[in-house]
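Student:
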Ligand SMILES: Cc1cc2nc3c(=O)[nH]c(=O)nc-3n(C[C@H](O)[C@H](O)[C@H](O)COP(=O)(O)OP(=O)(O)OC[C@H]3O[C@@H](n4cnc5c(N)ncnc54)[C@H](O)[C@@H]3O)c2cc1C
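In my numbering, the protein residues as written are -12 to 397.
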């Protein structure tokens, strides 16, 4: 394989493109440069290597009724999108059976376990090690009761390569200063991390890619015409691009492309909302704060602050629910956080499959076709390791990716 074409310029697409260049291939990346930046830019920046358990779990199913009624209001199933979330929910219920959950966890934890070293290789490789900050994160609770419950849940969970401990005196003092009161409960994770800046990361990825001969094509892939067992890539402006290898890594938009050649892709847009602001007086060296009772994560990046929340099972093109940004502001005010408001609003889609495992593999519909999407809440975390896995697959020495193949959906 001498040439390779990647559809999608998110974290998964760029990670794949750079790993393909590492194999000496000539690589083209096609991205439609949308007016609202995608999830790879809008996420909370957390390298969440503590999350080795798929969300399709018996515990998640038990929690759904409570979450729908909870005061944090973090989970929503909009009536207008019932035709999207109802079939998805039924599949999720099956995927959350204890035996499927155990198998999913075994597969996901292997991938998540390799995620941080892959991130280190990526930022070293592009000459920007400072873009990855490995200083863990805090989990904070509002009340002694929720702190006791939350702590028990984390103690029972597998947290992969991360560890957590009660906060120490210095940390308690810092959080007290920030919140204007002592938190009812808090723990500190080590082994997780966050990125320093989305803008700088993507600028560096693109620069590194193009300096090594990579070509970025701005255009929207509409379908994958098949000829002699191989696909090419048709763009909305009429161009047709060919390559020895093609990978679909277009986040939620991977679904129509792959369904067009006969794959079944039961993916939903699990939308999240964020507020983006100046750093204000937020301490530069404070790791991300997860307010678990409020389903809220606040991350201090190098030049901005971001508060992210909400899980809305929806369609990528449905209009945003503007009330969610107001609720986010309400939470920030309730917590007394020094987060400058009103802040810029953003909504975007997590690409989620019903078993909460990504789809990574080689298509059985065309010889030259691969896919990598569906990374749900963990796409930033898993981008670089996905790039490495696809690279291994294209030289036929891949590790076992059968748990991630699309054929699991029939
Ligand atoms: C609020 C929120 C917070 C999150 N926080 C975290 C977090 O802290 N940690 C974490 O690990 N994950 C997090 N995630 C999840 C993560 O952001 C996603 O899983 C990840 O960004 C998916 O990356 P991707 O490259 O697959 O897709 P995307 O980021 O969606 O990128 C796909 C790219 O393909 C392009 N494209 C789409 N269709 C076409 C087409 N037809 N032709 C050409 N180009 C096309 C798009 O424009 C886009 O540039 C969060 C998500 C949200 C919404």
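Glycine included, each C-beta is placed from N, C-alpha and C at the ideal position.
What you are looking at is a predicted structure, and each value in this text was computed from that prediction instead of being measured.
Quick one: is the Cβ of residue 262 within less than 7 Å of any heavy atom of ligand 1?
Tutor: Residue 262: no, Cβ never under 7 Å from ligand 1.
Student: Between the Cα of residue 238 and the Cα atoms of 36, 195, 254 and 174, which residue gives the shortest distance?
Tutor: Of the listed residues, the one whose Cα sits closest to residue 238 is 254.
Student: Note down the Cα distance separating residue 49 from residue 173, rounded to an integer number of angstroms.
Tutor: Their Cα atoms are separated by approximately 24 Å.
Student: Based on Cα-Cα distance, which residue from 261, 219, 325 and 46 lies nearest to residue 140?
Tutor: Closest option to residue 140, Cα to Cα, is 46.
Student: Does residue 167 come within less than 8 Å of chain B when only Cβ atoms are used?
Tutor: The structure shown has no chain B; it contains just one protein chain.
Student: Among 319, 100, 1 and 388, which has the Cα closest to the Cα of residue 40?
Tutor: Considering only alpha carbons, the answer is 100.
Student: Suppose the cutoff is 7 Å on Cβ atoms and the five residues either side in sequence are ignored; what does the same chain contact list for residue 83 look like?
Tutor: Around residue 83: 43, 44, 45, 47 and 48.
Student: Let me know the beta strand (DSSP E) ranges lying completely inside the segment 146 to 171, each 3 residues or longer, listed in chain order.
Tutor: 150 to 153, all fully within the segment 146 to 171.
Student: Does any heavy atom of ligand 1 sit closer than 7 Å to the C-beta of residue 131?
Tutor: Checking every heavy atom of ligand 1 against the Cβ of residue 131, none is found closer than 7 Å.
Student: Helix, strand or coil, according to DSSP, for residue 39 in the structure here?
Tutor: In this structure, residue 39 counts as coil in the three-state DSSP scheme.
Student: Report all residues from its chain with a CB closer than 8 Å to the CB of residue 316; omit the five preceding and five following residues, and keep chain order.
Tutor: Closer than 8 Å at the Cβ level, and outside the excluded window around residue 316, lie 262, 328, 329 and 330.
Student: Quick check on this structure: which residue in 290, 77 and 310 has the alpha carbon closest to the alpha carbon of residue 296?
Tutor: If we check each option's Cα against that of residue 296, 310 comes out closest.
Student: Considering only their Cβ atoms, is the gap separating residue 348 from residue 357 smaller than 8 Å?
Tutor: Closer than 8 Å, so yes.
Student: Give the secondary structure of residue 209 by DSSP, where H, G and I count as helix, E and B as strand, and everything else as coil.
Tutor: Residue state, collapsed to three classes: strand.
Student: Quick one: what does DSSP say residue 184 is sitting in, helix, strand or coil?
Tutor: In this structure, residue 184 counts as coil in the three-state DSSP scheme.
Student: Report yes if the CB atom of residue 113 is closer than 8 Å to the CB atom of residue 370, and no otherwise.
Tutor: Not closer than 8 Å, so no.
Student: Let me know if residue 109 comes out buried or exposed under the rule of 16 or more other beta-carbons within 10 Å of its beta-carbon.
Tutor: Answer is buried; the Cβ neighbour count reaches 16.
Student: Around the Cβ of residue 8, are there at least 16 other Cβ atoms within 10 angstroms (buried) or fewer (exposed)?
Tutor: So residue 8 counts as buried.
Student: Could you tell me whether any non-hydrogen atom of ligand 3 is closer than 7 Å to the CB of residue 21?
Tutor: As for ligand 3, it is missing from this structure, which binds only ligand 1.
Student: Within the chosen definition, does the segment 156 to 166 reach the segment 84 to 93 through at least 3 CB pairs nearer than 8 Å?
Tutor: The segment 156 to 166 vs the segment 84 to 93: no contact.
Student: Looking at the unbroken beta strand (DSSP E) that takes in residue 429, where does it start and where does it end?
Tutor: Any answer about residue 429 is impossible in this case: the structure gives the chain only from -12 up to 397.
Student: Using only CA atoms, which one of 217, 353 and 374 lies nearest to residue 385?
Tutor: Minimum Cα distance to residue 385 is reached at 374.
Student: What residues are listed by DSSP as bridge partners for residue 107?
Tutor: Partner(s): none; residue 107 has no beta bridge.
Student: Let me know if residue 260 comes out buried or exposed under the rule of 16 or more other beta-carbons within 10 Å of its beta-carbon.
Tutor: Answer is buried; the Cβ neighbour count reaches 16.
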